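Numbering (the working numbering), first residue to last: 1 to 79.
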(Lines of atoms letter the chains of each structure in order from A; the text may use other names.)
(Lines give C-alpha, C1' and ligand atoms only; values in the text may rest on other atoms or scores of the structure.)
Protein backbone atom coordinates (compact mmCIF):
# COMPACT_ATOMS: atom_id res chain seq x y z
CA UNK A 1 0.00 0.00 0.00
CA UNK A 2 1.08 3.56 -0.68
CA UNK A 3 -0.30 6.57 1.22
CA UNK A 4 -0.04 10.03 -0.31
CA UNK A 5 -1.00 13.34 1.29
CA UNK A 6 -1.78 16.32 -0.94
CA UNK A 7 -2.58 19.98 -0.35
CA UNK A 8 -4.24 21.76 -3.27
CA UNK A 9 -4.84 25.48 -3.61
CA UNK A 10 -8.27 26.48 -5.05
CA UNK A 11 -9.08 25.72 -8.70
CA UNK A 12 -6.33 23.18 -9.36
CA UNK A 13 -7.27 20.71 -12.13
CA UNK A 14 -5.93 17.16 -12.01
CA UNK A 15 -6.09 15.71 -15.53
CA UNK A 16 -8.07 12.63 -16.45
CA UNK A 17 -6.05 9.44 -16.02
CA UNK A 18 -6.22 5.82 -14.93
CA UNK A 19 -3.86 3.32 -13.30
CA UNK A 20 -3.96 -0.35 -12.32
CA UNK A 21 -4.00 0.52 -8.60
CA UNK A 22 -7.15 0.62 -6.51
CA UNK A 23 -7.40 4.01 -4.82
CA UNK A 24 -9.26 5.30 -1.77
CA UNK A 25 -9.49 9.09 -1.60
CA UNK A 26 -10.35 10.87 1.65
CA UNK A 27 -10.92 14.62 1.89
CA UNK A 28 -9.46 15.87 5.18
CA UNK A 29 -10.37 19.55 4.78
CA UNK A 30 -11.89 21.79 2.11
CA UNK A 31 -13.94 20.85 -0.96
CA UNK A 32 -12.86 18.72 -3.91
CA UNK A 33 -14.66 17.53 -7.04
CA UNK A 34 -13.77 13.98 -8.08
CA UNK A 35 -14.97 12.63 -11.42
CA UNK A 36 -14.94 8.86 -11.88
CA UNK A 37 -15.92 7.36 -15.24
CA UNK A 38 -17.56 10.66 -16.24
CA UNK A 39 -19.61 11.05 -13.03
CA UNK A 40 -18.64 14.13 -10.98
CA UNK A 41 -19.02 14.08 -7.21
CA UNK A 42 -18.48 17.01 -4.86
CA UNK A 43 -16.61 15.95 -1.75
CA UNK A 44 -15.98 17.75 1.52
CA UNK A 45 -14.12 16.99 4.73
CA UNK A 46 -14.82 13.44 5.90
CA UNK A 47 -15.99 12.15 2.51
CA UNK A 48 -14.39 9.01 1.08
CA UNK A 49 -14.42 7.69 -2.50
CA UNK A 50 -13.24 4.37 -3.90
CA UNK A 51 -11.68 4.35 -7.37
CA UNK A 52 -11.45 0.86 -8.83
CA UNK A 53 -8.49 -0.40 -10.80
CA UNK A 54 -8.23 1.21 -14.27
CA UNK A 55 -11.21 3.56 -13.71
CA UNK A 56 -10.77 6.83 -15.59
CA UNK A 57 -10.81 9.70 -13.10
CA UNK A 58 -9.89 13.36 -12.63
CA UNK A 59 -10.17 15.96 -9.91
CA UNK A 60 -10.49 19.65 -9.19
CA UNK A 61 -9.98 21.53 -5.96
CA UNK A 62 -12.93 23.81 -5.27
CA UNK A 63 -11.32 25.40 -2.22
CA UNK A 64 -7.91 24.95 -0.65
CA UNK A 65 -8.08 21.33 0.41
CA UNK A 66 -6.13 18.49 1.93
CA UNK A 67 -6.62 15.00 0.49
CA UNK A 68 -5.17 11.62 1.45
CA UNK A 69 -4.99 8.83 -1.13
CA UNK A 70 -4.35 5.16 -0.38
CA UNK A 71 -3.23 2.99 -3.30
CA UNK A 72 -2.99 -0.79 -3.61
CA UNK A 73 -0.75 -2.36 -4.75
CA UNK A 74 2.24 -0.14 -3.98
CA UNK A 75 2.78 2.76 -6.40
CA UNK A 76 6.47 2.65 -7.20
CA UNK A 77 6.25 6.11 -8.83
CA UNK A 78 5.23 7.68 -5.49
CA UNK A 79 7.99 6.20 -3.34
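Built from N, CA and C at the ideal position, the CB exists for glycine as well.
For clarity, every value in this text was computed on a predicted model and none was experimentally measured.
Rounded to whole angstroms, what's the CA-CA distance from residue i to residue j? Just pull it up for me.
| i | j | result |
| --- | --- | --- |
| residue 2 | residue 25 | 12 Å |
| residue 61 | residue 42 | 10 Å |
Using only alpha-carbon positions, find the residue among the options that is nearest to residue i.
| i | options | result |
| --- | --- | --- |
| residue 54 | 22, 14 and 11 | 22 |
| residue 11 | 59, 76 and 44 | 59 |
| residue 56 | 38, 8 and 76 | 38 |
What does the Cβ neighbour count give for residue i, buried or exposed, with the cut at 16 atoms within 10 Å?
| i | result |
| --- | --- |
| residue 5 | exposed |
| residue 34 | buried |
| residue 7 | exposed |
| residue 74 | exposed |
Going by DSSP, what residue range makes up the beta strand (DSSP E) through residue i?
| i | result |
| --- | --- |
| residue 15 | 13 to 17 |
What residues in its chain sit with their C-beta under 7 Å from that of residue i, if we drop five residues either side in the sequence?
| i | result |
| --- | --- |
| residue 20 | 53 and 54 |
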